[in-house]
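Chains as they are written, first to last, in my numbering: chain L, 81 to 269; chain P, 68 to 254.
Printed below as a string of structure tokens:
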């Protein structure tokens, strides 16, 4: 759990072993709790849409930040493209179930994202921010595996969770950390 | 280790609870919502045991493959193979304990596994990648078949690790480490 900083000195917090600025807290919390209100499959899919929208926007912003070297830009673009594919796929069954797919990220998420990224500067800090976001997304998908009912949704979200795990491993590696430090990826620190 | 113990405690408690409550359950509760009968829950637990043992066999084979791979690799690659072997062993231990929590006997590892000659380091990497892809496909297939919600989460947490292993191995082999937005196993 990330607490709001009392002082600038407290600005750096750790999310799952990755240091991030405390301004990232609202966005990270929103991602972590994306499925918290979910009662049924439709609610969980809506949470997944919002979560993936946050990831798409974040990676696009990172790629355009000017703070990343060419290799990191390529990584951010590739991951952003994959998040867009996740978004497209989780949106379709939500429409089939009669749910309304938000066309744009929720204003509160956009605001949280803007505030989070405004406080993040430099390649390592930006990649750490992305890593923290991925970790929280994995935690959300991990919980979804225990709540979803339909077989096809279980398999689709598990396949997405596995891809987010790959993103996290490669981000850790880019930060000079062991890529697969634990035997179970639950999104918990 | 703490995380694994916590998972096992949670999984064991949930599973044991399911078996115990099976004795007195009925078709419908007071709210009118259909619930499983004792026989249905017992059958579901038996099915989960079979699924756990199927996953256990996958992990036991992965342990053997990484153990063999480490013999044929050097330097950082050997360290990676040994690290992954240790993580596959953790998966196997967790799955075996989950089987025991259901009152059943875990499948035992074979004395030998069919592993081809692994002289060339690139061939070693590719063989390990194939094993990971098969494991990923197995876990994706098994997750919806589990009746225990806790075990579904556990299988997904292992699946994600196998996907991470695959990404690292691909990178070592000079390939794109995460080419697919949906990790589904062999393509």
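Note that the Cβ used here is the ideal one computed from N, Cα and C, for glycine as well.
Note that this is a predicted model, so its numbers are computed, not measured.
Presumed contact (8 angstroms Cβ cut-off) between residue i and residue j, rounded CB distance
| i | j | result |
| --- | --- | --- |
| residue 174 of chain P | residue 123 of chain P | 5 angstroms |
| residue 210 of chain L | residue 142 of chain L | 6 angstroms |
| residue 200 of chain P | residue 253 of chain P | 5 angstroms |
| residue 183 of chain P | residue 144 of chain P | That pair is no contact at about 18 angstroms. |
| residue 265 of chain L | residue 239 of chain P | Not quite, the Cβ-Cβ distance comes to about 20 angstroms (not below 8 angstroms), so this is no contact. |
| residue 223 of chain P | residue 225 of chain L | 4 angstroms |
Short CB-CB distance (under 9 angstroms) between residue i and chain P
| i | result |
| --- | --- |
| residue 218 of chain L | yes |
| residue 239 of chain L | yes |
| residue 184 of chain L | no |
| residue 250 of chain L | yes |
| residue 242 of chain L | yes |
| residue 120 of chain L | no |
| residue 245 of chain L | yes |
| residue 260 of chain L | yes |
| residue 274 of chain L | An answer regarding residue 274 of chain L cannot be provided, because it is not within the stretch 81 to 269 covered by chain L. |
| residue 161 of chain L | yes |
| residue 152 of chain L | no |
| residue 169 of chain L | yes |
| residue 226 of chain L | yes |
| residue 223 of chain L | yes |
| residue 253 of chain L | yes |
Residue i at chain L interface by Cβ criterion, 9 angstroms
| i | result |
| --- | --- |
| residue 233 of chain P | yes |
| residue 238 of chain P | yes |
| residue 169 of chain P | no |
| residue 253 of chain P | no |
| residue 116 of chain P | no |
| residue 214 of chain P | no |
| residue 175 of chain P | no |
| residue 221 of chain P | yes |
| residue 132 of chain P | no |
| residue 242 of chain P | no |
| residue 210 of chain P | yes |
Cβ neighbours of residue i in the same chain (closer than 8 angstroms, five flanking residues each side left out)
| i | result |
| --- | --- |
| residue 98 of chain P | Summary for residue 98 of chain P: the model assigns pLDDT 37, below 50, so the residue's position carries little reliability, and this model does not support an answer. |
| residue 115 of chain P | 82, 169, 213, 214, 215 and 218 |
| residue 248 of chain L | 211, 214, 215, 218 and 265 |
Same chain, Cβ closer than 6 angstroms to residue i, neighbours up to 5 away in sequence not counted
| i | result |
| --- | --- |
| residue 246 of chain L | none |
| residue 121 of chain L | 228, 229, 230 and 233 |
| residue 242 of chain P | none |
| residue 149 of chain P | 137 |
| residue 155 of chain L | none |
| residue 140 of chain L | 160 |
| residue 139 of chain P | 185 and 191 |
| residue 157 of chain L | 143 |
| residue 177 of chain L | 122 |
| residue 197 of chain L | 141 |
Neighbourhood of residue i by C-beta, 7 angstroms cutoff - its chain only, sequence neighbours within 5 removed
| i | result |
| --- | --- |
| residue 136 of chain L | 160, 163, 164 and 167 |
| residue 299 of chain P | Outside the modelled stretch of chain P, which goes from 68 to 254, sits residue 299 of chain P, for which no answer is possible. |
| residue 181 of chain L | 129, 171, 174 and 175 |
| residue 159 of chain P | 123, 126, 127 and 130 |
| residue 156 of chain P | 130 |
| residue 26 of chain L | Outside the shown range of chain L (81 to 269) lies residue 26 of chain L, about which nothing can therefore be said. |
| residue 58 of chain L | In the structure displayed, chain L extends from 81 to 269; residue 58 of chain L sits before or after that span and is not available. |
| residue 100 of chain P | In this predicted model, residue 100 of chain P has a pLDDT of only 42, less than 50, meaning its place in the structure is not dependable; the value taken from the coordinates is given anyway. For residue 100 of chain P, where only same-chain residues beyond five positions count, there are no Cβ hits under 7 angstroms. |
| residue 223 of chain L | 115 |
Endpoints, alpha helix (DSSP H) assigned at residue i
| i | result |
| --- | --- |
| residue 188 of chain P | 188-209 |
| residue 171 of chain L | 150-176 |
| residue 250 of chain P | Note, residue 250 of chain P: premise wrong, no alpha helix (DSSP H); not H, not E. |
| residue 56 of chain P | Since the first and last residues shown for chain P are 68 and 254, residue 56 of chain P lies out of range. |
| residue 140 of chain L | 121-143 |
| residue 201 of chain L | Unbroken run through residue 201 of chain L: none, as it is neither H nor E. |
| residue 157 of chain P | 142-168 |
| residue 268 of chain L | Per DSSP, residue 268 of chain L belongs to no alpha helix (DSSP H) and is neither H nor E. |
| residue 221 of chain P | 216-239 |
| residue 233 of chain L | 231-254 |
TODO: Check whether the segment 227-238 of chain P touches the segment 236-243 of chain L, taking contact to mean three or more Cβ pairs, one atom from each stretch, closer than 8 angstroms.
DONE: yes
Task: contact_flag[the segment 196-212 of chain L, the segment 241-256 of chain L] where n(CB pairs < 8 angstroms) is 3 or more - done: yes
Open item on the list: Three Cβ pairs or more, each shorter than 8 angstroms: is that satisfied between the segment 123-132 of chain L and the segment 208-226 of chain L?
Closed with: Counting C-beta pairs with one atom in each stretch, the segment 123-132 of chain L and the segment 208-226 of chain L have three or more that are closer than 8 angstroms, which means they touch.
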